[in-house]
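To keep things clear, I will list the structure first and then write my remarks on it.
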Amino acid sequence: MREVTLRIRHHGEPESDITAEYPGVTLRSRSSMTGRTSRRKRIIEVSGDPEQIPPFLADFEAADAIVALESLTPVESDRVFVAMTYDAYKWDSIAERLSNLGVHYRNGTTINAGWERWTLYLEDDDDLSEIVEHIRGGGNDAELVRDVDLSDVRANEQLDLTPLARELTPRQGEVLVTAIRMGYYEPDRDTSIEEVGERLGISRTTTWEHLKRAEKKVMGEIYECLGGQL
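Residue numbers for the sequence shown follow this note's numbering, so the first one is 1 and each next one is one higher.
See the structure below:
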C-alpha cells in the first residue's frame, strides 16, 4: 500500500475559493458529515490570524452552498470551532469523488490559501493517474506532493535542528519556545495568542507575527529534511 498526498485547488467551492482570499486562515474538517437530506452538517476548525477569522467566516457564510454557520467557541480568537450546515446538492465533494473511485483517504482535510491537502492510501492496483485525472475532470487543479510505499516509511529518521536554530531570530525562538511550554500546540489547548503575548509582555499582533515567521522556518526545515527522502 502507498501513501499519497495531493494538493487540490477546488475551484468554485467556498472552502477553497474563500481561503484563497484569506491566506492567514487555515480550515480543517473536524467531524464527519451528518444528515440524510440535502442539508448536511459537520464541524470545522478555523485557525490563524485573529483579525482575519471574523471576516473570513462572514464571507464563508455568504457562499451559496452554505445554509448556516454556528460558532461553537468565541470568534475573537486564533482558533474557532464552527458547526457548518450546507446544501449537499450545491456542494462538489472531493471526498465523494474519491469514495466513488473506492479510494481510501484520511479524514481531517486541511485547507490553506485555496489549496486542500488530501492524504490517500492506495492499493497496488489503484491507478494514481486515473484518480488525478478524475479530480481534474471537475475543473480542479491537482498536484502530487508525496508518493511513498508504507513499508519504506522510516520512523527513526531524525531532523538536524542546528541550521534551524541559526535561522530563527532570538525573539522568534523565544516566542516559539514560550508557546510550546504553555501548551499552545496541544490538541486540546486552552492557551491563546494573547496569553503567550502577555507572558512575554508584547502585543497579540507582534506575538502572532513572530510565531508565524518561526513556524514558516520550522516547516521549511522539515520540508528540506523530508523532501529528499520522499
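All residues carry an ideal CB built from backbone N, CA and C; glycine is no exception.
Proximity to residue i [Cα-Cα], best of the options
| i | options | result |
| --- | --- | --- |
| leucine 122 | Ala63, Leu98, Gly201 | Leu98 |
| threonine 37 | Ala58, Ser31, Asp87, Thr26 | Asp87 |
| tryptophan 208 | Val196, Val75, Arg2 | Val196 |
| tyrosine 22 | Arg30, Arg7, Asn112, Pro74 | Asn112 |
| aspartate 59 | Tyr89, Thr85, Thr19 | Thr19 |
| glutamate 143 | Met84, Tyr185, Trp118, Leu69 | Trp118 |
| glutamate 76 | Pro55, Leu69, Asp124 | Pro55 |
| isoleucine 8 | Pro187, Glu186, Glu133 | Glu133 |
| proline 231 | Arg213, Tyr185, Thr73 | The requested residue 231 is not part of the displayed model; the chain covers only 1 to 230. |
| glutamate 3 | Asp127, Ile180, Lys217 | Asp127 |
| serine 129 | Leu69, Val103, Glu70 | Val103 |
| glutamate 240 | Ser93, Met1, Lys41 | An answer regarding residue 240 cannot be provided, because it is not within the stretch 1 to 230 covered by the chain. |
| histidine 10 | Ser93, Glu194, Ile131, Glu198 | Ser93 |
| methionine 1 | Tyr105, Arg189, Leu57, Asp188 | Tyr105 |
Beta-carbon separation (whole angstroms), residue i vs residue j, contact threshold 8 Å
| i | j | result |
| --- | --- | --- |
| arginine 79 | glutamate 45 | 7 Å |
| threonine 110 | threonine 26 | 6 Å |
| leucine 211 | valine 175 | 5 Å |
According to DSSP, residues forming a beta bridge with residue i
| i | result |
| --- | --- |
| methionine 84 | Arg42, Leu69 |
| serine 29 | Ile44 |
| histidine 104 | Tyr121 |
| aspartate 141 | Arg9 |
Span separating the alpha-carbon of residue i from that of residue j
| i | j | result |
| --- | --- | --- |
| serine 47 | leucine 168 | 23 Å |
| threonine 191 | arginine 181 | 10 Å |
| leucine 72 | glycine 173 | 32 Å |
| methionine 84 | aspartate 124 | 36 Å |
| alanine 95 | phenylalanine 81 | 21 Å |
| threonine 205 | glycine 24 | 13 Å |
| tryptophan 91 | glycine 114 | 16 Å |
| arginine 39 | serine 31 | 15 Å |
| isoleucine 202 | isoleucine 222 | 28 Å |
| tyrosine 89 | glutamate 186 | 36 Å |
| isoleucine 135 | alanine 68 | 27 Å |
| glutamate 215 | alanine 179 | 11 Å |
| isoleucine 231 | lysine 217 | This structure cannot speak to residue 231, because the chain is shown only from 1 to 230. |
| isoleucine 193 | glycine 108 | 23 Å |
| serine 29 | arginine 199 | 31 Å |
| proline 248 | glycine 220 | One cannot answer for residue 248 here, as it falls past the ends of the chain, which runs 1 to 230. |
| isoleucine 131 | tyrosine 184 | 37 Å |
| leucine 120 | serine 151 | 15 Å |
| said: Can you confirm whether the stretch 99-108 touches the stretch 137-147 when touching is taken to mean that 3 or more C-beta pairs between the two stretches lie within less than 8 Å? | reply: no
| query | Given 8 Å as the limit, is there contact between the stretch 41-55 and the stretch 135-144, that is, 3 or more CB pairs closer than that? | reply | no
| said: Quick test of the definition: if touching needs 3 or more C-beta pairs under 8 Å, does the stretch 57-69 touch the stretch 9-19? | reply: yes
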